[in-house]
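So for the sequence shown, the working numbering puts the first residue at 370; every next one is plus one. Yeah, the Cβ is synthetic: ideal placement off N, Cα and C, and Gly gets one too. Notes follow once the structure below has been shown.
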Amino acid sequence: MPDAQNGAAPAMETVQFSLPVGEISLRASAQLPVGRTTLTQLLPILQNLENVVVDKVGEEARRAGKSISCRAGCGACCRQMAPVSLFEAEALAAWMRSLPEARRAELEQRFHRALSALRDAGVLDKILASEWALDEEQTTQLAIDYFHAGVACPFLEDESCSIHPMRPLSCREYLVTSPPELCRDPTANEVSGVRLPLKLSRALYAFGQEMSQDARGWIPLVFLVAWGRSGAKPGEYVAGSGREVLTKFLEKAAAVSASANE
Ligand code: SF4
Numbered sequence: 370m371p372d373a374q375n376g377a378a379p380a381m382e383t384v385q386f387s388l389p390v391g392e393i394s395l396r397a398s399a400q401l402p403v404g405r406t407t408l409t410q411l412l413p414i415l416q417n418l419e420n421v422v423v424d425k426v427g428e429e430a431r432r433a434g435k436s437i438s439c440r441a442g443c444g445a446c447c448r449q450m451a452p453v454s455l456f457e458a459e460a461l462a463a464w465m466r467s468l469p470e471a472r473r474a475e476l477e478q479r480f481h482r483a484l485s486a487l488r489d490a491g492v493l494d495k496i497l498a499s500e501w502a503l504d505e506e507q508t509t510q511l512a513i514d515y516f517h518a519g520v521a522c523p524f525l526e527d528e529s530c531s532i533h534p535m536r537p538l539s540c541r542e543y544l545v546t547s548p549p550e551l552c553r554d555p556t557a558n559e560v561s562g563v564r565l566p567l568k569l570s571r572a573l574y575a576f577g578q579e580m581s582q583d584a585r586g587w588i589p590l591v592f593l594v595a596w597g598r599s600g601a602k603p604g605e606y607v608a609g610s611g612r613e614v615l616t617k618f619l620e621k622a623a624a625v626s627a628s629a630n631e
């Protein structure tokens, strides 16, 4: 990313940090911009961090004689209502705007068709009635209704995620050890999900709740195109040097994790 003032690459610094993940403290380092950075710009670092957490959980599952069943080509879970934080929505909406016209139009059509299918299944109105977010029973019922509508994520192509490197943290956190065929209907089958000791997505949702005064702090991924038209820049809510933004994120992640384990 060239510096706007003089065309030079922005100054970077190596930042060492640690993050409690269950019983262990994960030590890592990242190359971060010295200059002004937003939480949205820090997402590639957070995605890498999430991948490390998921790998550790996968290792633990293997030590316990299990294996993670999730593979490319199995998109059964991609018919669920995938949450996307406002910051990830900002990055994905910007990426979509950067696509060649034909590809962008194709993707927008898919989002449009997905919303129409959800409307026809009677699910869209339920999603738009925001009070479900405040009631666990209603949230669960909505998740079941959404899945039964059978609407694939618009980014799913040949049963694989077409935005795999940029996929939301919530998608990275959904892992199972049961046979993949059971995921075709998790409401009827006993699917063995993997419990992550730390979900970084929750820290992004917590920032989203603070800034938007919304009970969820995220949007269903299927709303991405409509949301992107607002031109919102939520990443500005947490901005500073790369080090400052990462520090705020890690503090939020630790606080959210501590309250989840209370
Ligand atoms: S973003 Fe990718 S992984 Fe997530 S639901 Fe969509 S296709 Fe599946």
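Just the Cα atoms here: how many angstroms apart are residue i and residue j?
i: P371; j: G404; result: No answer about P371 holds up, because its pLDDT of 47 lies below 50 and its placement is not dependable.
i: Y650; j: A595; result: There is simply no residue 650 to check, as the chain begins at 370 and stops at 631 in what is shown.
i: A521; j: V625; result: 30 Å
i: S547; j: G519; result: 21 Å
i: S467; j: S529; result: 22 Å
i: G434; j: V607; result: 41 Å
i: R432; j: W464; result: 38 Å
i: S441; j: E526; result: Inspection of the sequence shows that residue 441 is occupied by Ala rather than by Ser. Rounded to the nearest angstrom, the two C-alpha atoms are 11 Å apart.
i: L484; j: D494; result: 10 Å
i: M381; j: D583; result: 34 Å
i: A579; j: E542; result: In the sequence as displayed, the identity of residue 579 is Glu instead of Ala. So the alpha carbons of these two residues sit roughly 22 Å apart.
i: C552; j: A451; result: 15 Å
i: C447; j: E392; result: 31 Å
i: N420; j: G444; result: 19 Å
i: L565; j: S436; result: 14 Å
i: T509; j: P469; result: 38 Å
i: V422; j: V390; result: 7 Å
i: R536; j: T556; result: 24 Å
i: A619; j: R598; result: As written in the sequence, residue 619 is Leu, which differs from the Ala given in the question. Between L619 and R598, the C-alpha separation is close to 30 Å.
i: L511; j: S499; result: 11 Å
i: G427; j: C439; result: 11 Å
i: D424; j: G577; result: 26 Å
i: W587; j: L538; result: 12 Å
i: R473; j: P523; result: 12 Å
i: K617; j: N417; result: 17 Å
i: R612; j: Q449; result: 35 Å
i: C540; j: P534; result: 11 Å
i: A627; j: G600; result: 34 Å
i: S610; j: R482; result: 41 Å
i: G491; j: L544; result: 28 Å
i: E505; j: G562; result: 19 Å
i: Y574; j: E477; result: 25 Å
i: E429; j: A471; result: 44 Å
Within the same chain, show all residues whose beta-carbon is closer than 6 Å to that of residue i, passing over the 5 residues directly before and after it, in chain order.
i: R585; result: A502
i: Q507; result: W501
i: E559; result: none
i: G648; result: The requested residue 648 is not part of the displayed model; the chain covers only 370 to 631.
i: L395; result: L388
i: I314; result: It is not possible to answer for residue 314, since the shown part of the chain is limited to 370 through 631.
i: A629; result: none
With DSSP as the reference, identify every bridge partner of residue i, one or two as the case may be.
i: W587; result: S454
i: G519; result: Paired residue(s): none; G519 is not in a bridge.
i: P389; result: S394
i: C552; result: Partner(s): none; C552 has no beta bridge.
i: Q400; result: T383
i: L567; result: L567 is not bridged to any residue.
i: T409; result: Answer by DSSP bridge pairing: none, since T409 is not bridged.
i: C530; result: L525
Enumerate in chain order the residues of its own chain whose CB-to-CB distance from residue i is below 8 Å, with the five nearest sequence positions on each side excluded.
i: L615; result: V384, F386, A399, L401, L411 and I414
i: A622; result: L388, L567, L569, R571 and A572
i: L487; result: L493, I496, Y515, A518, V520 and V591
i: A373; result: Because the pLDDT at A373 is just 46, under 50, the model does not fix this residue reliably, and the value given afterwards should be weighed accordingly. Nothing listed; no residue qualifies.
i: A397; result: Q385, F386, S387, L388, L418 and V421
i: P549; result: S438, C439, R440, C443 and A445
Which same chain residues end up closer than 7 Å to residue i when comparing Cβ atoms and leaving out the 5 residues on each side of it in sequence?
i: L593; result: V453, A458, L461, A462 and F480
i: K602; result: E459
i: I513; result: T556
Item checked: the ligand SF4 site residues, beta-carbon cut 5 Å against heavy atoms -> The answer, residue by residue, is C447, A451, C522, F524, L525, C530, R536 and C540.
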